[in-house]
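**Student:** Numbering (the working numbering), first residue to last: 120 to 1010.
Following this message is one structure expressed as structure tokens.
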RNA sequence: GGGCGCGUAGCUCAGCGGGAGAGCACACCCUUCACACGGGUGGGGUCGUAGGUUCAAUCCCUACCGCGCCCACCA
């Protein structure tokens, strides 16, 4: 027997370990069943579950549980990501709180902190990982995620590291990874290069400073405008447009860089826009991406004036050396003003690149880094997306993918961090590089090259986190070993992730998958929006609007949160606004289903062993089975099309709107009435429908359905619900559907009329039927008890005409009168009837206009015309009966 | 600057060319023996604006207005 109330907390804590330990989540690569595989977007190993995870993983689990029940051999491959920068940041912050720091070369230190070297630091990170690394996976379990934990991987575990090395070395040998010295986005706080993708532009209200640079050998000045005065110390030229009448006469001359005294050429270059600033632009090749290009075109020197901390170097006049960049800015503006060379300052809003992790403005910085030839690697993925080997849901994801892939820049894969996969490159005494799988191999190569043993120095850099994530769909399956899992599950079926990492991750998995596996990493990319708060604001801890999924689970249960997430997951939504009220509604839905089952149990609903839905006789039961079939099909269709919100909506409407509101109510007189075949059949159908419904609900609400499955005895017979086969839709019956549609309509209309006329809810009225045909009479007889109960009437009898002072409704070919004596307000009833008549007349007029339109008749398809005629017939019939009813009131 | 998405009931949103929907909120009624995390009934919408395509437009097209996101090197 089910408990009076549903207690998610207790049930969830019990059910999950049971599933896991029973092996229900396990994949069976050795089985002959078709495989279905999803690889989890690996969360940061030291992170904790946020709403985005809750959404993403709920959607995956729904698909996984559904396919599992459909009979596939499913693998939901779990694991975590080492998340280089993010994790390093967290650990450094923790260390700082404990009075420790990193022994970073060149950093200022007051000597009060204990400085850790690389080895010591890595030890701390691994400690931190061991301490907090289980948090996120534990939280995924609370959500109900049915991952095969026995196959859990970590991007820095031995196997995956081996894969990373192999990929790096092979790409290097194929010329697809190389070193280059060019400008990168440099994070002066994290002290590392980052990729273009990790740059976020922020609108900043700054100034445009106009400086006058004296022209050599003349009294003239050229005016340049800049948002970054401090970079002038690195200027090696000024560019003007070749056709600019204002400045072109200066081309070929030189300016004298103030404060520095350097002689810098004035060049003509179309990059310079006469409309912008002063029309002349100062060129700082070492600190601006555009200037770098201009500098290259005109062979201007690139002078680095910043070190890795963005402090001024010895390349600038002594006065400024060592200054922090923004301090330098103030001083330089002041000095220029003092020199009379500051023409004006204009307020100017512009966007400044920030590091998405460090949160400080980035510096374009000239350094040597490792790059992957993204352009080349993108070719096959583009082709695969074009010919449909990989599809996107929604489709427009494909366009975004193309836009990015077709304009892709070299991918800077090296990071100046300690936490991550150290690049397998060693340098000889002359800086010659040896890339190899191991130090031994590198040494061997070096020996061959130098003809003797030399000391090699390993490249200190690590790889971009996304480098190892890019291998995830095959590295987790065992690659480079040719495992059974790899053979069976690659390509994986569905990748479920947010739009935000389409480029970071999805695109790169495509590159690596196509290159190393010669096939797409997944057949379908299912992209969902971002969860935001009710106002559409991105959730963040700093804004204080973050909702904690675990709190919601505690309060409403994991099933409620899951159901809400599924409801939110409309394909086209960019943002998915979540409010606690919605989760509460889902919790209520869970409770509703629980109570329906409890009710059935209390009334002895049980499923005979040999129950066959095809043998059902009663129309109410046939109809119920038909509704079940429709719900089943709706859920299947919705899940196949990745419309998870529609699946959730269909389930909600079916369980609450059909099963609870109608079926259970209509059959109460039967199941609570005298014993007999009708009672037996109805109890059996009730049990059957609830059992099948539990299956349909299971992918979305696994906990409550498993509990119900067990408590109602199915588990003892068939085993756990998680492993049950997906239901087959029973047959539908048109005649039964017609009859029940009529019944629902009749009851609803009576209720509605009663309520509108303010008939006291407790008043039991007689129902008099005027003009009912044989079918109707039979139906009334069949459903007498249900009608009496739900419409609150007492006695149903035929009459030749409606009695005076009766409330009247028309359903089908008959009029139903409820004599209310002097209780009725004749005026109100007249008004109600008149309103109904008017509504119908309007509808009829509209249809007549259509049917009278020659173009409509000529061009509309036959079934549409027929449908309109049908609607008109019914409306007219009802209208006429209502007119009679109105007349009988004497109104 | 380019690209994309969104403007439908008070709020949050479904709606995939032929009768405007849900949840929440609101109003009235109901301590009916599964459920007040409940039951019944109801009010509320020029489907952003203006054009166009079509027999027919909330749905397709164009422009505009208002939001949001992504990308981009604009001094």
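Positions of the beta carbon are idealized from the N, C-alpha and C atoms, including for glycine.
Checking the sheet assignment: what are the DSSP bridge partners for residue 918?
**Tutor:** 889
**Student:** Below 8 Å, can you find three or more Cβ-Cβ pairs linking the region 544-552 to the region 585-595?
**Tutor:** These segments do not touch.
**Student:** In whole angstroms, what separates the C-alpha of residue 703 from that of residue 813?
**Tutor:** 20 Å
**Student:** Straight-line CA distance for residue 439 to residue 164?
**Tutor:** 43 Å
**Student:** Give the DSSP-derived three-state secondary structure of residue 193 in the structure shown.
**Tutor:** DSSP, read as helix, strand or coil, puts residue 193 in strand.
**Student:** Between 570, 576 and 569, which has its C-alpha nearest residue 557's C-alpha?
**Tutor:** 576
**Student:** Counting only runs that start and end within the region 381-440, where is the beta strand (DSSP E) found for 3 or more residues in a row?
**Tutor:** 382-387 and 399-402
**Student:** The beta strand (DSSP E) with residue 321 in it runs from where to where?
**Tutor:** 318-333
**Student:** So, for residue 517: in the same chain, excluding its five sequence neighbours on each side, which residues have a beta-carbon less than 7 Å away from its beta-carbon?
**Tutor:** 504 and 511
**Student:** Can you list, in chain order, the stretches of the alpha helix (DSSP H) that have 4 or more residues and sit fully within the region 482-514?
**Tutor:** 493-505
**Student:** With H, G and I counted as helix, E and B as strand and the rest as coil, what does DSSP make of residue 553?
**Tutor:** strand
**Student:** In its own chain, which residues sit with a C-beta less than 6 Å from the C-beta of residue 1010, not counting the 5 before and 5 after it?
**Tutor:** Model confidence at residue 1010 stands at a pLDDT of 47, short of 50, so the residue's coordinates are unreliable; what they give is reported in the following sentence. 949, listed in sequence order.
**Student:** Ignoring anything shorter than 4 residues, give me the alpha helix (DSSP H) runs that lie fully in the region 657-711, in order along the chain.
**Tutor:** The region 657-711 contains, as complete alpha helix (DSSP H) runs of 4+ residues, the segments 668-675 and 677-687 (chain order).
**Student:** For residue 495, which of 479, 234, 524 and 433 has the nearest alpha-carbon?
**Tutor:** 524
**Student:** When the Cα atoms are used, what is the spatial distance from residue 280 to residue 271?
**Tutor:** 15 Å
**Student:** Alpha carbon to alpha carbon, what distance is there between residue 870 and residue 910?
**Tutor:** 6 Å
**Student:** Leaving out five residues on either side along the sequence, give the residues of the same chain with a beta carbon under 6 Å from the beta carbon of residue 646.
**Tutor:** Result list for residue 646: 516 and 618, in chain order.
**Student:** Does the separation of the CB atoms of residue 750 and residue 773 fall below 7 Å?
**Tutor:** yes
**Student:** What span of residues does the beta strand (DSSP E) with residue 532 cover, start to end?
**Tutor:** Element bounds for residue 532: n/a, residue is neither H nor E.
**Student:** Suppose the cutoff is 6 Å on Cβ atoms and the five residues either side in sequence are ignored; what does the same chain contact list for residue 78 look like?
**Tutor:** Residue 78 is absent from the model: the chain starts at 120 and stops at 1010.
**Student:** Please classify residue 629: does DSSP put it in a helix, a strand, or coil?
**Tutor:** Helix.
**Student:** DSSP on residue 314, reduced to helix/strand/coil?
**Tutor:** coil
**Student:** I'd like to know whether the C-beta atoms of residue 931 and residue 852 end up nearer to each other than 7 Å.
**Tutor:** no
**Student:** What does residue 305 pair with, by DSSP beta-bridge criteria?
**Tutor:** Paired residue(s): 312 and 482.
**Student:** When the Cβ atoms of the region 239-259 are set against those of the region 833-844, are three or more pairs found closer than 8 Å?
**Tutor:** Two segments are said to touch when three or more pairs of C-beta atoms, one from each, lie closer than 8 Å; by this definition the region 239-259 does not touch the region 833-844.
**Student:** How many whole angstroms separate the CB atoms of residue 534 and residue 582, which I take to be in contact at a CB cut-off of 8 Å?
**Tutor:** 7 Å
**Student:** Just the C-alpha distance for residue 713 and residue 924, rounded to the nearest angstrom, thanks.
**Tutor:** 44 Å
**Student:** Going straight from the alpha carbon of residue 430 to that of residue 342, what length do you get?
**Tutor:** Straight-line measurement puts the Cα of residue 342 at about 26 Å from the Cα of residue 430.
**Student:** Does the beta-carbon distance from residue 460 to residue 377 come in below 7 Å?
**Tutor:** Less than 7 Å divides the Cβ of residue 460 from the Cβ of residue 377.
**Student:** If you follow the beta strand (DSSP E) that residue 219 is in, where does it begin and where does it stop?
**Tutor:** 219-221
**Student:** Using DSSP with H/G/I as helix, E/B as strand and the rest coil, what is residue 266?
**Tutor:** coil
**Student:** Quick check on the burial criterion: 16 or more other C-beta atoms within 10 angstroms. Buried or exposed for residue 248?
**Tutor:** buried
**Student:** Give me, in chain order, the residues of the same chain whose beta-carbon lies closer than 6 Å to that of residue 955; leave out the 5 immediate sequence neighbours on both sides.
**Tutor:** Correct list, in chain order: 1001.
**Student:** Take residue 425 as the anchor and find which of 436, 417 and 419 has the nearest alpha-carbon.
**Tutor:** 436
**Student:** Distance, Cα to Cα, residue 1003 vs residue 994?
**Tutor:** Residue 1003 and residue 994 have their alpha carbons spaced roughly 14 Å apart.
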